[in-house]
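Each remark here refers to the structure printed beneath this line.
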Amino acid sequence: MRDVRKVPGKTVQCLTGHANRWAKTCLILSPLSSDLYAEVALSDAAPVWSELTLNFYPSLVGSRGGLFNLCSWFTEEGRDAIEDDLRAGRPATATTEGTVALVRNLVEGDRRITIGRTGRTAGISLHLAFGILHETLGLGKLSARWVLKALREEQLVRRVNLSRELLTKIEANETGLFDRIVTGDETWIYQYDPESKIQSKHWLPRGSAGPVKFKAERSARKVMATIFWDSEGVILTDFLEGERTVTASSYKAVLRKLNTALARKRCGELHLGVLFHHDNAPAHSSRTVRTVLREFR
């Protein structure tokens, strides 16, 4: 006679028909299927079941002694699962204070060192070197930031002084400070500027092929545009004829146009004066341009 009992997560079937020869035999089934997990004989009076268990489940039981240990789990400890309990595992031998200190010294000595070279020098694996750098030391490899120019020491000092002067004016809440600032820049305007890859995107069903886009180049013909603006908007847009670039003489002529545009578009608004801001390109810092700027004061 077979007695079927329910255990949380598993089904236990007990053979009770021959209790005079052995206590009972449990068949523990998988909680998700009918695959047999183990045949556990709870008494050594059942040599047949012991042999079956050892033959069919050697990795689970291992030996006859392991079979009786498995039996005691279900009888004495009241277990219903045959999986091993979680253990701490093998202690870490590579991630020691000495290894972490060695990796830190390698990075401080060469900020461009690679993870592979770090692992080879420290005698550890690539995975462990990655973990020490990112998790233990909390480091990340950042790319260099592009800057426009390498400034000299006196240029850096001048930039700091100008920044402090602006901060002083802002903290003093000087009237209409930002409204007085006029700035400008130059840019090339192409007759034909092709669409970018993002601009040519299409909404399509999932799994469908994307649209085909031929690679196009900018047009060879272009014109230089000089634009000036303030807090209210664009004041002047000037185009050079042909494909000429900005020179001191052409920039001087543009500044005279800017002075006329300011008088027309900002009439009565700039009685406190204009704070003109432009870059220090050779055409902007020439002697003739500085002379024109002094005339506008």
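Following numbering that gives the first Met the number 0, the numbering of the sequence shown begins with 0 at its first residue and continues without gaps. Idealized CB from N, CA, C, for every residue including glycine. Remember, it's a predicted structure, so these values are computed and weren't measured experimentally.
(request) Using only alpha-carbon positions, find the residue among G97, L136, A215 and L254 that is nearest to V106. (result) The sequence position of residue 106 within the sequence shown is 107, counting from 1. Closest by alpha carbon: L136.
(message) Quick check on I197: does DSSP put it in helix, strand or coil?
(response) Locating residue 197 in the sequence shown gives position 198, where the first residue counts as 1. Reduced to three states, the DSSP call for I197 is coil.
(message) Taking the beta carbon of A215 as the centre, do at least 16 other beta carbons fall within 10 Å, making it buried, or is it exposed?
(response) Here residue 215 refers to the residue found at position 216 when the sequence shown is read from its first residue. Its Cβ having fewer than 16 others within 10 Å, A215 is exposed.
(request) Have a look at E153, R265, V222 and H277 and flag the residue whose alpha-carbon is nearest the alpha-carbon of I188. (result) For the purposes of this step, residue 188 is taken as residue 189 along the sequence shown, with counting starting at 1. The option with the nearest alpha carbon to I188 is V222.
(message) Would L257 and F238 be called neighbours here (beta carbons separated by less than 8 Å)?
(response) Translated into the one-based positions of the sequence shown, residue 257 becomes position 258. Translated into the one-based positions of the sequence shown, residue 238 becomes position 239. For L257 and F238, no; Cβs fall outside 8 Å.
(message) On the CB-based measure, 16 or more other CB atoms within 10 Å of its CB, does I234 come out buried or exposed?
(response) Position 235 of the sequence shown, counting from 1, holds the residue named residue 234. It is buried - the Cβ of I234 has at least 16 other Cβ atoms within 10 Å.
(message) For a quick check, are the C-beta atoms of L274 and I131 less than 8 Å apart?
(response) Taking the sequence shown and counting its residues from 1, the one referred to as residue 274 is at position 275. Taking the sequence shown and counting its residues from 1, the one referred to as residue 131 is at position 132. In this structure, I131 does not lie closer than 8 Å to L274 by Cβ.
(message) Could you check whether the stretch 181-201 touches the stretch 274-284, counting it as contact only if at least three pairs of C-beta atoms, one from each stretch, sit closer than 8 Å?
(response) yes
(request) Could you check which residue in T236, S249 and V245 has the C-alpha nearest to that of A260? (result) In the sequence shown, residue 260 corresponds to position 261, counting from 1. The shortest Cα separation from A260 among T236, S249 and V245 belongs to T236.
(request) Measure the alpha-carbon distance for L150 versus G97 and round it to whole angstroms. (result) Against the sequence shown, residue 150 aligns to sequence position 151. Against the sequence shown, residue 97 aligns to sequence position 98. Our two residues, L150 and G97, have alpha carbons roughly 42 Å apart in a direct line.
(message) Rounding to the nearest angstrom, what Cα-Cα distance links F213 and R163 in this structure?
(response) What you label residue 213 is simply residue 214 of the sequence shown in a count that begins at 1. What you label residue 163 is simply residue 164 of the sequence shown in a count that begins at 1. For F213 and R163, the distance between alpha carbons rounds to 51 Å.
(request) Return the chain-ordered list of same chain residues with a C-beta closer than 6 Å to the C-beta of A282, the five sequence neighbours on each side being excluded. (result) Reading the sequence shown from its first residue, position 283 is the one you call residue 282. Same-chain partners within the cutoff: V245, T246, A247 and Y250.
(message) Need the endpoints of the alpha helix (DSSP H) that Y250 sits in, please.
(response) Residue 250 sits at position 251 when you count from the first residue of the sequence shown. Where Y250 is concerned, the enclosing alpha helix (DSSP H) stretches over A247 to K264.
(request) Classify V219 as buried or exposed, calling it buried when 16 or more other Cβ atoms lie within 10 Å of its own Cβ. (result) Residue mapping note: residue 219 aligns to position 220 of the sequence shown, counting from 1. Note on identity: in this sequence residue 219 is Ala, with Val being the wrong assignment. Flag for A219 reads exposed.
(request) Using three-state DSSP, classify H276 as helix, strand or coil. (result) Residue mapping note: residue 276 aligns to position 277 of the sequence shown, counting from 1. Assignment of H276 by DSSP, reduced to helix, strand and coil, places it in the strand class.
(message) With H, G and I counted as helix, E and B as strand and the rest as coil, what does DSSP make of A45?
(response) Taking the sequence shown and counting its residues from 1, one reaches residue 45 at position 46. Because A45 sits at a pLDDT of 43, beneath the cut-off of 50, its placement in the model cannot be relied upon, and the following sentence gives the value as read from the coordinates. DSSP places A45 in coil when its eight states are reduced to three.
(message) According to DSSP, simplified to helix, strand and coil, what is A128?
(response) Looking up residue 128 in the sequence shown gives position 129. DSSP places A128 in the helix class (H, G or I) of the three-state scheme.
(request) Excluding the 5 residues preceding and the 5 following P210 in the sequence, name in chain order all residues of the same chain whose CB lies nearer than 6 Å to its CB. (result) Counting from 1 along the sequence shown, the entry for residue 210 is found at position 211. So the qualifying residues of the chain are H201.
(request) Under 8 Å Cβ to Cβ from R205, same chain only, skipping five residues before and after it: list those, please. (result) For this step, residue 205 is matched to residue 206 along the sequence shown. Here the set comprises nothing.
(message) Quick check: what's the CA-CA separation for K264 versus D229?
(response) Residue mapping note: residue 264 aligns to position 265 of the sequence shown, counting from 1. Residue mapping note: residue 229 aligns to position 230 of the sequence shown, counting from 1. If I take the Cα positions, the gap works out to 11 Å.
(request) Just the C-alpha distance for G118 and L125, rounded to the nearest angstrom, thanks. (result) By one-based count along the sequence shown, residue 118 stands at place 119. By one-based count along the sequence shown, residue 125 stands at place 126. G118 and L125: Cα-Cα distance of roughly 5 Å.
(request) Can you say whether V253 is buried or exposed, counting buried as having 16 or more other CB atoms within 10 angstroms of its CB? (result) For this step, residue 253 is matched to residue 254 along the sequence shown. Looking at its Cβ environment, which holds 16 or more other Cβ atoms inside 10 Å, V253 is buried.
(message) Distance check for A143 and E194, CA to CA, integer angstroms please.
(response) Translated into positions along the sequence shown, residue 194 becomes position 195. Translated into positions along the sequence shown, residue 143 becomes position 144. Looking at the two C-alpha atoms, the distance is approximately 29 Å.
(message) For L176 and I169, which I take to be in contact (beta-carbon distance under 8 Å), what is that distance rounded to the nearest angstrom?
(response) In the sequence shown, residue 176 corresponds to position 177, counting from 1. In the sequence shown, residue 169 corresponds to position 170, counting from 1. The pair is a contact, with the Cβ atoms about 7 Å apart (cut-off 8 Å).
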